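Numbering (my numbering), first residue to last: 2 to 119.
Structure below.
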């Protein structure tokens with residue numbers, strides 16, 4: 002999953018920097034075996050998600066409204082890109098970013114060979 006050149010995700014990275022200024026890079030990635038989507042944050046993913054969950058304690062309530070896969074990851078995992086982006090914009094109370102993030106997902110995930118985004 003880390004091999005090869007990765008697409009840049011400037012909007013997602015900027016949005017997540019509002020949660021923690023430590024964020025240097027963010028992307029939406031697909032779990033190859035299960036066709037589920039999550040947000041990858043670098044360089045400190047566990048620290049970021051701990052801060053995120055403290056800043057947005059209703060994150061789980063929003064996640065349950067969408068098709069949420071309660072796995073043991075520090076990041077929520079969703080069955081579709083639309084559910085993931087909808088969850089993020091609802092949780093952060095930023096409805097205006099939803100459409101822009103979906104466009105970024107369509108561009109960047111198609112670059113990674115993921116079809117049917119958007």
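Glycine included, C-beta positions come from ideal geometry on N, C-alpha and C.
None of these values were measured; they are calculated from a predicted model.
Can the beta-carbon of residue 57 be found closer than 8 Å to that of residue 92?
yes
For residue 49 and residue 55, I'd like the C-alpha separation in whole angstroms.
Roughly 10 Å separates the two Cα atoms.
My output table needs one value for residue 26: the three-state DSSP class, helix, strand or coil.
Residue 26 falls in the strand class under three-state DSSP.
Can you give the Cα-Cα distance for residue 69 and residue 78, rounded to whole angstroms?
Rounded to the nearest angstrom, the two C-alpha atoms are 6 Å apart.
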